[in-house]
Each structure stands twice: as structure tokens, then as C-alpha cells.
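Heads up: take any position in the sequence shown, counting from 1, add 6, and you land on the numbering used here. Notes follow once the structure below has been shown.
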Amino acid sequence: MKTIFIDSERRWRNGWKALGSIALSVAFAAAFLFLQRQLPLVWRQVLPSPLCAFFGVLISSWLSLRLEGERLSSLGVLPARRTGRDFGFGLVSGVVLVLVVAVLLFALDGFHLVRAEQNGVGVLLKAAWLMLWVALFEETLFHGYAFQRAIRGMGPAWTQLVFAVVFCLAHSYPDMAGGPLAVAMTNTFLAGLLLGLCYLRTGGLALPVGVHLGWNGTLALLGFGVSGEESKGAWTPVFHDLPQWLAGGRYGLEASVISLVVLGLFILALARWKGARQSEVPTSPPAGLVQP
């Protein structure tokens, strides 16, 4: 019997699976973050907030998959040569994307870089450690179980649109208004589309995690803001007199219209690429499961 919650196969509809997984992820992540705040400072530095949030989402995903009789590997994180290749390609792509934006802005006399006072290996490793877990957390949350079940229910196009909007709204835009705010939100929306497309083209999370890490890590290394959060890298950018919608300002290059163009072109390139999906991660219901 079909209902708003149950399909004709007497299974929970994929939309409810996705929503339930997100709610469970938020609950577990909040619990781990609460526990993390009770730790001494030295342990909070070793176990940063994104790491704790990632494990909350991972446990939620594992429980959701167990209820379906599927393995955690079906989430798209596979310990295989293919995963390493996708991650490496994504990492390089993310780095190149940021460098292209930075070089174009530099050519417009938008900024110059000065060496940061604290630029030792320890500072850089700390930033890299943090950005790794940011990428793993956000990709598992936004393109993991919930995203994959939404694809089964709504199809790739609608899922991409919905999750890109959610990805955009989940980021903060402090002290921004007008044109700069519109540019920053559009760039974040495009980033959500790009990362979702990385999953769709490979069927795994390695490529989007690599792109995400390469993008955020390079921004942090160069000292630009990362989604409005101040970063301490090997350099510090000194901005000249260009408007914020062009240079990005304190928010970072993600508020620059140059990023909008570069991200848009990369999305078009990914859209033309047929990709090579990993067979263990379906974007449609398994055989025998018919969705009304």
C-alpha cells in the first residue's frame, strides 16, 4: 500500500530517507561537537570541530546503510587505486582553480602578497589538517547518503539544484550585502553544483573531496579568507583599490566575480565529460526496486 511515507514496495521513500539521514547527522555531529568542547585545548587542536562533525555524519550514514543492508563502501569512499587517482586529480584541479582566479586578479592589480610572520611548517600542517576534515565533513554531508538517496527519488537534475541551494545557505556571509553578497552566494551555489557533478561523473566521493580540499587549502595557504573565515597561511594578501565584488576582499576569492567565471567554465567542462562511474555507487534504485 502506497502512502506519503511508503512506496509500492513497502519501503521508506527516498526523500524521507534523505531527510532522516540529515537529521541524524546533525544530531550525531552536535553530540560529538559538544564532547569536543569539553576537551583540553591541546586535544581540541588535534581533534578539530570538522573532524568531530565528520564522524557524526559517518556514523549516521553507516546506520542508514545498515538498515538497507548495504555496506559503508557503497557511500562512495572506496580504498582502491581508482579512489586515489580521483582524489589526486581533484586535489590538483582545486589548486589550479584557485591559482587561475588569483593570477587573473593579480594581473588586474587587485592585490599583492607578503610573507606571513608565522609561516612555519607547523602552521601550514595545522591548516592542511583542518581543511582535510572540512572537505571530508562537507562532502559526506552534502554528497553522501542523503544526496545519493535524493537522486533515486528526484533524479540528478533536481537533486543537484536542491542540494546546491542548501550548500549555499549552509555557509555564512558575515558583514556582506548587495552586490558582494550576491556574488559570494552565487559562487557558493556554483561550488555546490561543481562538487555534486564531481560525484555524478565518478560515482565516488574522492573527486569532490579532492577538489574541495585543493580549493580551500590553496586559499588558506595564500592567506585568503575561506568562505569568510580568516586563514593564516604562508602569505598574507594586501588588497588594492578594486571593489569587493571584483577582488573578494576579506571574505576571500569566493566573493570575486572572477571566481564566478572560472567555476562556471569548470562546470561546463565537467558537464561535457562523460566520466567513469564506480560500479558500487548507484544513482538509480537497485534492480527490482521500482519507484512510483
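We put the CB at the ideal spot given by N, CA and C, even for glycine. On a predicted model such as this, the values are computed, not experimentally measured, just so you know.
> To the nearest angstrom, how far is it from the Cα of residue 275 to the Cα of residue 119?
Replying inline: One-based indexing of the sequence shown puts residue 275 at position 269. One-based indexing of the sequence shown puts residue 119 at position 113. Their backbone Cα atoms lie some 30 Å apart in a straight line.
> Would you call the stretch 240-248 and the stretch 112-126 in contact, with 3 or more CB pairs under 8 Å?
Replying inline: These segments touch.
> Along the chain, where does the alpha helix (DSSP H) that runs through residue 46 open and close?
Replying inline: By one-based count along the sequence shown, residue 46 stands at place 40. Careful: residue 46 lies outside any alpha helix (DSSP H) and carries neither H nor E.
> Around the C-beta of residue 149, are 16 or more other C-beta atoms found within 10 angstroms, so that it is buried, or is it exposed?
Replying inline: The residue given as residue 149 occupies position 143 in the sequence shown. Answer is buried; the Cβ neighbour count reaches 16.
>> Using a 10 Å radius around the Cβ and a threshold of 16 neighbouring Cβ atoms, would you call residue 328 buried or exposed?
In response: Nothing can be reported for residue 328, as the shown portion of the chain is limited to 7 through 298.
> What's the gap between the Cα of residue 130 and the Cα of residue 266?
Replying inline: The count along the sequence shown starts at 1 and reaches residue 130 at position 124. The count along the sequence shown starts at 1 and reaches residue 266 at position 260. Between the C-alpha atoms of residue 130 and residue 266 there is a straight-line separation of about 27 Å.
>> I believe residue 256 touches residue 223 by the beta-carbon criterion, under 8 Å. Please report the beta-carbon distance rounded to the nearest angstrom.
In response: One-based indexing of the sequence shown puts residue 256 at position 250. One-based indexing of the sequence shown puts residue 223 at position 217. A Cβ-Cβ distance of about 19 Å is found for the pair residue 256 and residue 223, leaving them out of contact under the 8 Å criterion.
>> Which residues does DSSP list as the beta-bridge partners of residue 135?
In response: Position 129 of the sequence shown, counted from the start, is the residue given in the question as residue 135. Beta-bridge pairing by DSSP links residue 135 to no other residue.
>> Counting C-beta neighbours from all protein chains within 10 Å, is the total for residue 194 16 or more, i.e. buried, or is it exposed?
In response: Taking the sequence shown and counting its residues from 1, one reaches residue 194 at position 188. Looking at its Cβ environment, which holds 16 or more other Cβ atoms inside 10 Å, residue 194 is buried.
> First and last residue of the alpha helix (DSSP H) that includes residue 71?
Replying inline: Position 65 of the sequence shown, counted from the first residue, corresponds to residue 71. Counting along the chain, the alpha helix (DSSP H) containing residue 71 begins and ends at 55-73.
>> So for residue 118, helix, strand or coil by DSSP?
In response: Here residue 118 is taken as the residue at index 112 of the sequence shown, counted from 1. Annotated three-state conformation of residue 118 is strand, per DSSP.
> Would you report the Cα separation of residue 209 and residue 82, rounded to the nearest angstrom?
Replying inline: Sequence index remark: in the sequence shown, residue 209 carries index 203 (1-based). Sequence index remark: in the sequence shown, residue 82 carries index 76 (1-based). Across the structure, residue 209 and residue 82 are spaced so that their CA atoms are roughly 6 Å apart.
> Who pairs with residue 245 in a beta bridge, going by DSSP?
Replying inline: Counting from 1 along the sequence shown, the entry for residue 245 is found at position 239. Beta-bridge pairing links residue 245 to 117.
>> Assuming contact is defined by CB atoms lying nearer than 7 Å, are residue 268 and residue 106 in contact in what I supplied?
In response: Here residue 268 refers to the residue found at position 262 of the sequence shown. Here residue 106 refers to the residue found at position 100 of the sequence shown. With contacts defined by Cβ atoms closer than 7 Å, residue 268 and residue 106 form a contacting pair.
> Under three-state DSSP, which class holds residue 83?
Replying inline: Numbered from its first residue, the sequence shown carries residue 83 at position 77. Residue 83: coil per DSSP, three-state reduction.
> How is residue 235 classed by DSSP in three states: helix, strand or coil?
Replying inline: By 1-based counting over the sequence shown, the position of residue 235 is 229. Note: residue 235 maps to strand in three-state DSSP.
>> Could you tell me the alpha carbon to alpha carbon distance between residue 96 and residue 60, rounded to whole angstroms?
In response: If you number the sequence shown from 1, residue 96 lands on position 90. If you number the sequence shown from 1, residue 60 lands on position 54. The straight-line gap from Cα to Cα measures roughly 20 Å.
>> Just verifying my parser: in three-state terms, what is the DSSP assignment at residue 279?
In response: Position 273 of the sequence shown, counting from 1, holds the residue named residue 279. DSSP places residue 279 in coil when its eight states are reduced to three.
>> On the DSSP letters alone, give me the boundaries of the alpha helix (DSSP H) that residue 151 sits inside.
In response: Here residue 151 corresponds to residue number 145 of the sequence shown, with the count starting at 1. Taken as a continuous stretch (DSSP letters only), the alpha helix (DSSP H) holding residue 151 covers 151-160.
>> Can you find the residues in the same chain that come closer than 6 Å, C-beta to C-beta, to residue 155, ignoring five residues on each side of it along the sequence?
In response: Walking along the sequence shown from the start, residue 155 turns up at place 149. For residue 155, where only same-chain residues beyond five positions count, the Cβ hits under 6 Å are 20, 23 and 24.
> So is residue 35 buried or exposed if we call it buried at 16+ other beta carbons inside 10 Å?
Replying inline: Here residue 35 corresponds to residue number 29 of the sequence shown, with the count starting at 1. If you draw a 10 Å sphere on the C-beta of residue 35, you find 16 or more other C-beta atoms in it, and that means buried.
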